[in-house]
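Numbering (our numbering), first residue to last: 73 to 269.
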């Protein structure tokens with residue numbers, strides 16, 4: 073009797089965060105992958121967790137703009153508790169992308185596309201624009217109360233650059249990092265490392 077095709081198993085090495093250490097994972101990394109309809113986390117030296125895909129309530133993939141970019145996936149599981157944060161090791165970005173695509177597809181197949189999100193968090197998304205609001209408001213204050221003897225267009229020029237930067241950073245935060253459900257699974261690709269075919 074011929075066997076069917078072997079299911080593909082993508083897995084990646086994730087950083088062993090403090091949360092994973094507390095959960096009993098030991099070693100330099102935690103292997104993360106999908107096998108037989110479940111997400112598995114296996115510590116390099118010890119630690120094991122198996123979560124059936126139907127028990128994953130929500131998945132959110134995103135990235136934090138830093139040097140280098142930090143990719144992250146957050147998983148909320150049935151039963152409440154704290155979500156799991158998975159940060160792939162940079163040398164495993166090429167494995168992280170297909171693994172998260174497969175996991176998101178499995179979560180969507182079990183509970184609908186609304187359970188798959190993109191972005192980081194509202195706090196992460198709004199931090200930079202809020203910091204830029206300080207010089208923008210300072211420029212408005214200077215133009216309104218300190219530079220009173222200048223013409224109207226000179227007074228408008230003072231806060232113009234900070235206000236334009238604030239608008240651009242706000243737009244970028246909302247479009248790239250603010251958490252929201254994906255329309256299609258391909259929307260998730262903007263939040264994952266690009267891999268060559």
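Yeah, the Cβ is synthetic: ideal placement off N, Cα and C, and Gly gets one too.
All values reported here derive from a predicted model rather than from experimental measurement.
I need the boundaries of the alpha helix (DSSP H) containing residue i, first residue and last residue.
| i | result |
| --- | --- |
| residue 224 | 224-244 |
| residue 165 | 165-183 |
| residue 92 | 90-94 |
Compare the Cα-Cα distances from residue i to each of the options and report the closest residue.
| i | options | result |
| --- | --- | --- |
| residue 142 | 133, 253, 150 and 91 | 133 |
| residue 123 | 140, 137, 139 and 105 | 105 |
| residue 199 | 245, 163 and 189 | 245 |
| residue 265 | 83, 167 and 156 | 167 |
| residue 149 | 160, 136, 219 and 128 | 128 |
| residue 238 | 169, 229 and 208 | 208 |
| residue 125 | 210, 176 and 252 | 176 |
| residue 203 | 187, 222, 165 and 242 | 242 |
| residue 136 | 154, 95, 250 and 163 | 250 |
| residue 164 | 192, 101 and 153 | 101 |
| residue 103 | 115, 210 and 92 | 115 |
| residue 93 | 82, 158, 107 and 194 | 158 |
| residue 95 | 107, 118, 109 and 83 | 118 |
| residue 188 | 113, 131 and 86 | 131 |
| residue 240 | 139, 179, 197 and 108 | 197 |
| residue 113 | 184, 147 and 253 | 147 |
Tell me, please, which residues DSSP counts as bridged to residue i.
| i | result |
| --- | --- |
| residue 122 | 112 |
| residue 144 | 134 |
| residue 160 | 86 |
| residue 128 | 149 |
Buried or exposed: which applies to residue i, given that a residue is buried once 16 or more other Cβ atoms fall within 10 Å of its Cβ?
| i | result |
| --- | --- |
| residue 236 | exposed |
| residue 88 | buried |
| residue 78 | Low confidence applies to residue 78: its pLDDT is 42, below 50, so where it sits in the model is not reliable, and the reading given next is rough at best. Its Cβ having fewer than 16 others within 10 Å, residue 78 is exposed. |
| residue 151 | exposed |
| residue 223 | exposed |
| residue 256 | exposed |
| residue 218 | exposed |
| residue 263 | buried |
| residue 74 | Its pLDDT being 41, under 50, residue 74 is placed unreliably in this model, and the coordinates cannot settle the point. |
| residue 247 | exposed |
| residue 97 | buried |
| residue 120 | exposed |
| residue 233 | exposed |
| residue 267 | exposed |
| residue 186 | exposed |
| residue 169 | buried |
| residue 231 | buried |
Let's see if you can read the secondary structure: which residues bound the beta strand (DSSP E) around residue i?
| i | result |
| --- | --- |
| residue 219 | No beta strand (DSSP E) holds residue 219; DSSP gives it neither H nor E. |
| residue 210 | Premise fails: residue 210 lies in the alpha helix (DSSP H), 194-213, not in any beta strand (DSSP E). |
| residue 83 | 83-87 |
| residue 262 | Segment: none, residue 262 is in no beta strand (DSSP E) and carries neither H nor E. |
| residue 190 | 188-190 |
| residue 248 | Note, residue 248: premise wrong, no beta strand (DSSP E); not H, not E. |
| residue 106 | 101-107 |
Please confirm if residue i has its CB atom under 8 Å from at least one CB of chain C.
| i | result |
| --- | --- |
| residue 258 | As a matter of chain content, chain C is missing from the structure shown, which is built from one protein chain. |
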